[in-house]
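Enquirer: One point on numbering: in full-length UniProt numbering, the residue at position 578 of the sequence shown is 578, and numbering is uninterrupted.
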Amino acid sequence: MLIGPMNAFPWVINGVMEATISMQRITKLFYLSSGSFPLELTDTPLSDVGIPTDIPIVCSFAEKSTISMPVNIMNESFYYTNCDNLVLKNITLQVQWGELIGVIGPVGSGKSSLLLSILGELQSVVSEDDLRNESMKTNPRLRYAYVGQTPWLHSGTIRENILFGSDCDLAWMNTVIEACALKVDLAKLPNGLDTDVGEAGGNSLSGGQRARVALARAVYQKADVYLLDDPLSALDVDVGQQIITNCLLGLLSGRTRIIVTHQLDWLMNTKIVNKRAQVDFIVELKDGIITRKIPGNLYLDNDDNNRVHQPVLDINSDPPYNESTLSSDNHHNCSENNNNSTLENDDVPLITIKDDSSVNQSEFSPNCVINNNNNYNVNINMEHMAVGSISPHVYKSYIHSVGYFLTFSIILSLLLMQGTRNASDWWLSYWVQNGNLSAVVSSFQGSSYQIELFPDNHTKNKYLHSTHNLSSINYNSSINEMLQTSIHSVVRFGEPNSITGYYYLEIYAFLVISNLIATIFRAVLFAFGGLVAASVVHESALDTILEGRQNYFNTTPQGRILNRFSSDVGTVDDALPFQLNILLASLAGLLGALVIVCVSLPTLIFFLLPLVFIFWSIQRQYRGAARDLKRISSIVRSPVYGHYTDTLSGLAVIHGLGQEIRFRQLTACKLSDQIRAELASLAASCWLSIRLQLIGSAVITGVVSVSLVGRLFDWTHIASIGLSVVYALNISGLMTSVVYDMTETEKNLVAVERCQELTDDTPIEHDIVSVKPMGPQPRSSSHSHLRLPKERKSGIAYPTGLLPNWPASGSIFFNNVSLTYRQNSQSANEQSVKALDDVSFTVKPGECVGIVGRTGSGKSSLIKVLLRLVDHLPGPYTNQYIANQTGFIGATGQVFVDGIDVRTIPLTLLRSRILTICQEPFLFSGCLRDNLDPENKLNDSVLEDVLLKCQLATSRLQASQWLLREVGESGRDISAGQRQLICLARALLRQPRPKIICLDEATASVDNKCEETIHQVLDREFQGATILLIAHRLASVRRLCSRVIVMQSGRLVAEGPPKETLDTIFNHTETIDLVTL
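The structure is reproduced here in structure tokens:
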């Protein structure tokens, strides 16, 4: 009876500890200040989340007339909740209604933190009890539209992002889209406003397009205060001018606007806005302190200010070339088939406004996020769910993960454990049965009596006991009396060669000790096997994800991947080994019980055979439902993870616009889907439990009846009947346990199945793409449209002309390169988007070439093709015609580096020899030293030298402090400019120094001084390297580049020396429509 409780006791302790730790973490979360706005609730439901209308949750904002000023911060200091250092010190800022405030300062001065402090996202030293600062407490009901430096878009269509829970006003939306310069971009997208942006914009939108969609969302909301964190950094000159004129100084005129920018001259240039000093005040920060606040009309009168902004002002003096054209002799490799026609015609209405009678309100309703009753909700990238029984491949895969030898050892130890346990029980029964115990009182002397026990007819053991008033006792000892006798009080008499009680005891003790050793051995092996299997499954999935293609992450929600690596891997790591352990123990116990019962009481076989059939029938009905419910539960958990990740990334936007309740309802809606699946699974479990209990009651009745009949007709000994009854009664419980554990184990194996699907179905990058006529053939697969087959690297030889120091010179040749993307949309008819169209150009060794063009013109796509971040068409003949015939989506044409086709270069070698600094730099969580030197191979002095070169620090003491500084998740605790400089410092540590450098808007988020620092470092440290510079700042292109390439709509429309080429674009207006830079 103690075996079960003793086995469960360690798990109880483990569960208590886990519950305690979880409670402490949850309690810590509950004690955090909510920082939510005080809301007035009405009886109007939140209709735009598709939730039952029984919850009143609409907030009512205060009238502006009751508020003196929207921003009023008086001598406050601020810090991030996870950092004790003050990021803003003694801030005093008062903003009146309708003012336009420009915030400037060097990199890391606290500009973004100032906006977050106005939003209330930073902790104020004055107001310790709340994350909202005093300005927000004074004006808690104002709507603050925040556009971050890294634009945040939630999963969904462009329409849903712009509406952001508001009602759809078609006329206002058209106006907003026009003001935010999105009209041409949306016209080029096959699905227009209904283009699915994916997560964080995905592959559907460029960086500039994401920034403008985020700006359009802010403008559409008609907020009271607009907080814009460098929204012009990802935009070209002309688009920036349009947004300043039509949006900031147009639609938003009269609104309170606070804008952080490094292009302040764009707001103040008379040739742009036709009026001097549109900015009311300039706020300048340095080291977290407001150094000065001066009127805009006095700022540029200062010689120092003019000198700071002069480089950009010079470029802005060039006439805009909006809708300009080039003659055919002034461009290189332009396609004669100009397919822009209506796509770039500004007269084409972006949204067709129907009559009221013909407009389907649900078509434009924000509740299309959840309600699947219109064509915008056809999700072509639904998560795959397996059907039917678990595939034998999954079982084989898990056994292979454990290891065949280890699996055999576990099974052997399990059989030994169960065999020794059954043998000890049988030996105890044999001992009782063959002992034929009896006791006779032979004499009585005073206050004592003598009991003589006769184990057999030849030998007797004598026991002396004290008693009173006892005359004569003669009885047969039963099994229970035998077990209650104290063995240690035995005094043995008799012949030395007789079989005594000690003989039985020694055998019994040996079997018990053997069972103990086998149990320990089995437990250790099982724990080790489960750990090994979980490690193999996790490493296999992780390796696959790290080798996955870029397009996979653009089309697969992040929550789905997190679900596999959290819930599913957690099940494989913990729940599956635990449940499988119980199942195998139950199976072994059932097998042992059947053997014992069949040997001791064979008549029970006729009763147990129908019982096995009944249990098998019930488990067949339950197993399929439980397995599919587990799959459904796993699938509906992915949107929960994705929504949490999405929401956490955009908390500042959500808080500012007062959308907390709507997002809580969205969370509740997604959790409700998961809970429904879990409740269905629990209901199915109750269905099984009721039937198993009824069968168990029937089993007990049958076993007792058979035992009584057997004893009545004296078919067997009482000891055998007792042992058989005990085991037969356990059979019902064991069968119940086997059925339940079998179904639970199969449910947990769904996690292995999902991890296996992730490993098998994730499209991985080709290490080498075949350039031979007979390339690898795609294998048949339900996911074959997503990828090319996983090829065997041994089947393709490395290029013979590849030298160890490749690339030695750094020459680059693009030969008729085209690139198409698969449009990630919610339309049932999936379409592809052409990002590059027959582009050819050459870059000489050591040459610095600037690549300019309007946002979305294909500049970054050139880098993706060079680094093979997209699929390349295999074969010697690779062009767009072959791709169209074969349905290939990806890159065609050829890219040569030092005369070697990049398709034939191993990916690790290719990407390690090309230095790339992207527009959105990425840092890992942890300290700065871990980001600079993840392998911990370099001395601190080397790292400090690099920080000094990049001017992240001005002294060695400050550099050493920087190395220990925590950068936060994705580097969020430092500014965007500092992240760029850290990526540059990381690049300086690479050895050998790359001969090719790609800068993709690497200086977009930094000021002119920091940009100059980056260029000086590149010139000094990478002398002779070939540089591809993608930039919107034409001053940088003219100053650094010897040649410029102009991209438009994926086509190369002009190339040559910077001054002549740009002047040609500005002046010629005759043939090809060129959407401006």
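Built from N, CA and C at the ideal position, the CB exists for glycine as well.
Considering only the beta carbon of each residue, do aspartate 238 and leucine 142 sit closer than 7 angstroms?
Expert: No.
Enquirer: Over what stretch of residues does the beta strand (DSSP E) that includes leucine 910 continue unbroken?
Expert: First-last for leucine 910: 907–912, but that is the alpha helix (DSSP H), not the beta strand (DSSP E).
Enquirer: In angstroms with no decimal places, state the Cα-to-Cα distance between valine 597 and alanine 751.
Expert: Answer to the nearest angstrom: the Cα atoms are 37 angstroms apart.
Enquirer: Assess contact between the segment 106–121 and the segment 85–97, defined as three or more Cβ pairs (one per stretch) separated by less than 8 angstroms. Is contact present?
Expert: Counting Cβ pairs under 8 angstroms, three or more are found: they touch.
Enquirer: Considering only the alpha carbon of each residue, which of Ser1036, Phe1022, Ala985, Leu984 lies closest to asparagine 1008?
Expert: The option with the nearest alpha carbon to asparagine 1008 is Ser1036.
Enquirer: Report back the beta-carbon spacing between leucine 749 and isoleucine 390 to the nearest angstrom; my notes put them in contact at under 8 angstroms.
Expert: Correct: roughly 5 angstroms between the Cβ atoms.
Enquirer: Expressed to the nearest angstrom, what Euclidean distance is found between the alpha-carbon atoms of tyrosine 877 and threonine 762?
Expert: Roughly 27 angstroms between the two C-alpha positions.
Enquirer: Measuring alpha carbon to alpha carbon, tell me which of Ser955, Leu981, Leu122 ends up nearest glutamate 1001.
Expert: Measuring from the Cα of glutamate 1001, the nearest candidate turns out to be Leu981.
Enquirer: Identify whether residue 1082 lies in helix, strand or coil by the three-state DSSP scheme.
Expert: The structure shown does not extend to residue 1082, since the chain spans only 1 to 1077, so no value can be given for it.
Enquirer: Look at the Cβ atom of threonine 420, then the Cβ atom of alanine 509, and state whether they are nearer than 7 angstroms.
Expert: No, the pair does not count as a contact, with Cβ atoms beyond the cut-off.
Enquirer: Between which two residues does the beta strand (DSSP E) carrying valine 197 extend?
Expert: Looking at the DSSP string, valine 197 is not in any beta strand (DSSP E), and its letter there is neither H nor E.
Enquirer: Any idea which residues DSSP pairs leucine 93 with across the strands?
Expert: Answer is Ile73, bridged to leucine 93.
Enquirer: Throw me the rounded Cβ distance for the arginine 522 and methionine 417 pair, which I believe falls under 8 angstroms.
Expert: Right, their Cβ atoms sit about 5 angstroms apart.
Enquirer: Report the residue from Gln221, Gln209, Ala171, Thr81 whose alpha carbon sits nearest the alpha carbon of isoleucine 654.
Expert: Minimum Cα distance to isoleucine 654 is reached at Gln221.
Enquirer: Cβ of aspartate 837 within 7 angstroms of Cβ of glycine 1050?
Expert: The answer is yes: Cβ separation under 7 angstroms.
Enquirer: Check histidine 643 in the structure and name its three-state DSSP category.
Expert: Histidine 643: helix per DSSP, three-state reduction.
Enquirer: Output yes or no for whether 7 angstroms exceeds the beta carbon distance between leucine 215 and cysteine 180.
Expert: It is a contact, given that the beta carbons lie within the stated cut-off.
Enquirer: Could you check where the beta strand (DSSP E) with lysine 995 kicks off and where it finishes?
Expert: From DSSP, lysine 995 is part of no beta strand (DSSP E); its letter is neither H nor E.
Enquirer: Where do the N-terminal and C-terminal ends of the beta strand (DSSP E) with tyrosine 226 fall, by residue?
Expert: 225–229 is the span of the beta strand (DSSP E), which, as asked, contains tyrosine 226.
Enquirer: Let me make sure I understand the geometry here. Which of Leu947, Ser970, Ala652 has the alpha-carbon closest to that of leucine 227?
Expert: Minimum Cα distance to leucine 227 is reached at Ala652.
Enquirer: Since threonine 256 contacts aspartate 230 with CB under 8 angstroms, what's their CB separation in whole angstroms?
Expert: Not confirmed; about 18 angstroms, so no contact.
Enquirer: Ends of the alpha helix (DSSP H) at glutamate 1012?
Expert: Looking at the DSSP string, the run of the alpha helix (DSSP H) that includes glutamate 1012 is 1008–1021.
Enquirer: If I'm right that residue 1079 touches leucine 153 with Cβ under 8 angstroms, what's the distance once you round it to whole angstroms?
Expert: Given a span of 1 to 1077 for the chain in the structure shown, any question on residue 1079 remains unanswerable.
Enquirer: How is histidine 872 classed by DSSP in three states: helix, strand or coil?
Expert: DSSP places histidine 872 in strand when its eight states are reduced to three.
Enquirer: For arginine 292, list the residues DSSP reports as bridge partners.
Expert: Answer is Glu284, bridged to arginine 292.
Enquirer: Return the Cβ separation of alanine 423 and leucine 511 in integer angstroms, given the expectation that the two are a contact with Cβ distance under 8 angstroms.
Expert: Alanine 423 to leucine 511, Cβ: 5 angstroms. Contact.
Enquirer: Given that a residue counts as buried once 16 or more other Cβ atoms are within 10 Å of its Cβ, and exposed if not, what is proline 10?
Expert: Its Cβ having fewer than 16 others within 10 Å, proline 10 is exposed.
Enquirer: Following the continuous beta strand (DSSP E) through glutamine 1048, name the residue where it begins and the one where it ends.
Expert: Unbroken beta strand (DSSP E) run through glutamine 1048: 1043–1048.
Enquirer: Under 6 angstroms Cβ to Cβ from valine 359, same chain only, skipping five residues before and after it: list those, please.
Expert: Confidence at valine 359 is low in this model, with a pLDDT of 34, below 50, so the placement of that residue should be treated as unreliable; the coordinate-derived value is given next. Hits under 6 angstroms: none found.
Enquirer: Taking the straight line between their C-alpha atoms, what separation do you get for leucine 862 and glutamine 1016?
Expert: Between leucine 862 and glutamine 1016, the C-alpha separation is close to 25 angstroms.
Enquirer: What's the C-alpha gap between lysine 1059 and leucine 1040?
Expert: Cα to Cα, the separation comes out at about 12 angstroms.
Enquirer: Starting from isoleucine 111, trace the alpha helix (DSSP H) in both directions and tell me its first and last residue.
Expert: A quick correction: the sequence has lysine, not isoleucine, at residue 111. Residues 111–119.
Enquirer: In three-state DSSP terms, what is threonine 556?
Expert: Of the three classes helix, strand and coil, the one that applies to threonine 556 here is coil, per DSSP.
Enquirer: Report the partner residues of glutamate 1055 according to the DSSP bridge assignment.
Expert: Paired residues: Ile1045.
Enquirer: Could you pull out every unbroken alpha helix (DSSP H) segment of at least 4 residues lying fully inside the segment 534–588, listed in chain order?
Expert: If we require 4 residues or more, the alpha helix (DSSP H) runs fully inside the segment 534–588 come out as 550–555, 558–563.
Enquirer: Please confirm whether alanine 976 and lysine 995 have their CB atoms less than 7 angstroms apart.
Expert: Going by C-beta atoms, alanine 976 is not nearer than 7 angstroms to lysine 995.
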